[in-house]
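In the working numbering, the protein residues as written are 70 to 772.
Heads up, the thing below is written out as structure tokens.
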């Protein structure tokens, strides 16, 4: 009898592996059942096919001007719904080839694509990328947001499986092609076809289908209306993929001719879009409504906008850009031009560009001086001056000796501005600029008094408007109210005119200087037949020209220059920019009553007769209310009126805590510049990337 051999005993490791394998298999079965149940539940909860066809996608926005007229309508555009059987085959093939080559074989998610996406994610930056099928994209567009996270990808995958469970491949592709966004506000292939080619999607040819299919990856980058060359280049990628996947032949590609793609002309844009591009992004902070159609009522005045366009077009030198902003007394933006042509350049030079302001920056220099106790009649000496090795020069190339502060401002004397900066401190001037709304960094080296820091036109216009408002802060705004389509109020603007930046007396003295500059100084070209207060600005080598001023409650700023900051022969703030200001303001204030400033126009010294009495006035001919009463050198009555019955209104108090917050002093102390020539400059704000201009370069900044 032969003894039976006993079975060899398995090692502990093999037994453990076997158990783990069994556990894994059981877990996989349980997971598969759980997944199936989850997908079934998701599929049961999905809307019907008809409901998915009719659901909206995106928010319609109608933008109205101040007079209620419609400026433009924004939001999604939908063409006719194209059934699957009527969609050209080349359109179906092109979309599947570029977006989901295994569309017809996977169950809603593509395991091969997922594996590839995970590998790339870990190899690069751990960001989820490139793993969405057409079904997943449809699920995301209809039910989810576009944030990049693993949680969203899991939900997207489950919804994709549910969609494939409930609907056929043809149904899903039909939904996708009629719902996906193709740029330019167009949703669905019919809207895209009409938008880009001017005909319905049922007539799409191979070349046009390739262009549309290529848009899904990046609608803004490959839009034919934004970059036709990029769109055609992307279409070549689509055609190559179609050929590699056997959906078309090389002969069909070679047969495509130049007449197969004819782009529809783009709707004419105008400078109104500069304004709407600036104003509409503010809706995100004003309202929460993102689905229901809304009406946005704005401050823009169509007549003023037309006048602004005409003023810039008529006065800007050839090959030069121009920008204009006009603010009403409460900060309402009545006109905005961000460039000479919105179609060729959407860059808004009124709100985005930062350029040196030249002598227009002297507004803050003289405000600081007036607040420190200077008066327009104070005597100063125009003479050579050197501060820390910097020697500014005047545009006249001469020195005038003893003059008044008014004369120095009217003729934009650079040496006097430098002396003021040394006396009151450049940090004080920088604080003043920040107080009046300059949001860009301001340097505090000695040359800053000549406008060497980069500023925005809208910020400078805001500062001049605040002076015109007697020292009260003016904050630009463009949206008056927002309502739903049926009139429900969602937001309404209320201007805050309670922030006092400087005492009314300081603002009045500054206005006195500004109107003198227009009447007899560098801004004479800005005269419009009614009181105007303003200032010119020209930077080194005539790279930038500015004029900013106000009249009859309207403040307007004009800038001209090249985007590449190249010099422009003959460009000065007192020429083309001042002329554009005058051309605009004549129209803009034509229906407004003439408003005189609180101070009378006083001519600078160089315009006076030798007799000083002509300057201060003849005591025997002084005007009412007290005829015959003598006045002092400041034009004030000599002596005290009888019984002391003069009621002097107390000036408003400055909101010092708010001013400190605006200029950043509340967060960290701002060092004050010493009046000593040896004082070293300290930047008030975070220094920008570019270096501070050298004293030699700053010396070339003129009026």
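Note that beta-carbon positions come from the ideal geometry of N, C-alpha and C, so glycine has one too.
In this text, all values refer to a predicted model and were calculated from it rather than measured experimentally.
Item, Value
"Spatial distance of residue 542 from residue 358 (CA atoms)", "30 Å"
"When 271, 176 and 480 are compared against residue 226, the one with the closest alpha-carbon", "176"
"Per-residue burial, residue 749 [other beta carbons within 10 Å of its own, 16 or more giving buried]", "Caution is warranted here: a pLDDT of 35 is assigned to residue 749, below 50, making its placement in the model unreliable, and the coordinate value is therefore given only provisionally. With fewer than 16 Cβ atoms within 10 Å of its Cβ, residue 749 is classed as exposed."
"Through-space distance from residue 404 to residue 376, alpha-carbon basis", "9 Å"
"Own chain partners of residue 440 with C-beta closer than 7 Å, once the 5 adjacent residues on each side are dropped", "571 and 575"
"Presumed contact (8 Å Cβ cut-off) between residue 528 and residue 424, rounded CB distance", "About 11 Å separates the two Cβ atoms, so there is no contact after all."
"Three-pair Cβ contact test at 8 Å for the stretch 608-618 versus the stretch 495-515", "no"
"Burial state of residue 445, where buried means 16 or more other Cβ atoms lie within 10 Å", "buried"
"Host alpha helix (DSSP H) of residue 161 (start-end)", "158-168"
"Residues of its chain near residue 564, where Cβ-Cβ distance is below 7 Å and the 5 sequence neighbours each way are ignored", "399 and 400"
"Residue nearest to residue 171 in terms of C-alpha spacing, selected from 201, 580 and 260", "201"
"Top-ranked residue by Cα proximity to residue 535, from 549, 568 and 556", "568"
"Counterpart residues of residue 391 in DSSP-defined beta bridges", "629"
"Continuous alpha helix (DSSP H) stretch holding residue 548: start and end", "Counting along the chain, residue 548 falls outside any alpha helix (DSSP H), though it belongs to the beta strand (DSSP E) covering 548-553."
"Collapsed DSSP secondary structure at residue 617 in the structure displayed", "strand"
"Assigned exposure category for residue 452 - 16 Cβ within 10 Å defines buried", "exposed"
"Beta-carbon proximity check, residue 134 vs residue 367, cutoff 8 Å", "yes"
"For residue 364, three-class secondary structure by DSSP", "strand"
"Contact check, residue 624 vs residue 396, beta carbons under 8 Å", "yes"
"Boundaries (first-last residue) of the alpha helix (DSSP H) holding residue 486", "483-493"
"Integer Cβ distance of residue 614 from residue 583, believed to fall under 8 Å", "Not quite, the Cβ-Cβ distance comes to about 18 Å (not below 8 Å), so this is no contact."
"Under 8 Å between C-beta atoms of residue 406 and residue 392", "yes"
"Own chain partners of residue 56 with C-beta closer than 7 Å, once the 5 adjacent residues on each side are dropped", "This structure gives no information on residue 56, because the portion of the chain shown stretches from 70 to 772."
"Contacting residues, own chain, Cβ-Cβ under 7 Å from residue 550 (five flanking each side not counted)", "366, 558, 560, 561 and 562"
"In DSSP terms, what residue 523 is bridged to", "425"
"Extent of the continuous alpha helix (DSSP H) run through residue 402", "No alpha helix (DSSP H) contains residue 402, which is instead part of the beta strand (DSSP E) from 402-406."
"Whole-number beta carbon distance between residue 664 and residue 19, since they are thought to touch under 8 Å", "Outside the shown range of the chain, which is 70 to 772, sits residue 19, and nothing can be said about it."
"Cβ-based burial, residue 223 [other Cβ within 10 Å; buried from 16]", "exposed"
"Outcome for residue 81 when other beta-carbon atoms lying within 10 angstroms are tallied against a minimum of 16", "exposed"
"Where residue 172 sits in the DSSP three-state scheme", "coil"
"In DSSP terms, what residue 459 is bridged to", "456"
"Distance between residue 208 and residue 88 (C-alpha atoms, nearest Å)", "39 Å"
"Three-state secondary structure (DSSP) of residue 747", "Residue placement at residue 747 is poorly supported in this model, since its pLDDT is 33, which falls under 50; the coordinates are not used for a value here."
"Burial state of residue 347, where buried means 16 or more other Cβ atoms lie within 10 Å", "buried"
"Burial state of residue 466, where buried means 16 or more other Cβ atoms lie within 10 Å", "exposed"
"Buried or exposed by the 16-neighbour rule on C-beta atoms within 10 Å, applied to residue 154", "exposed"
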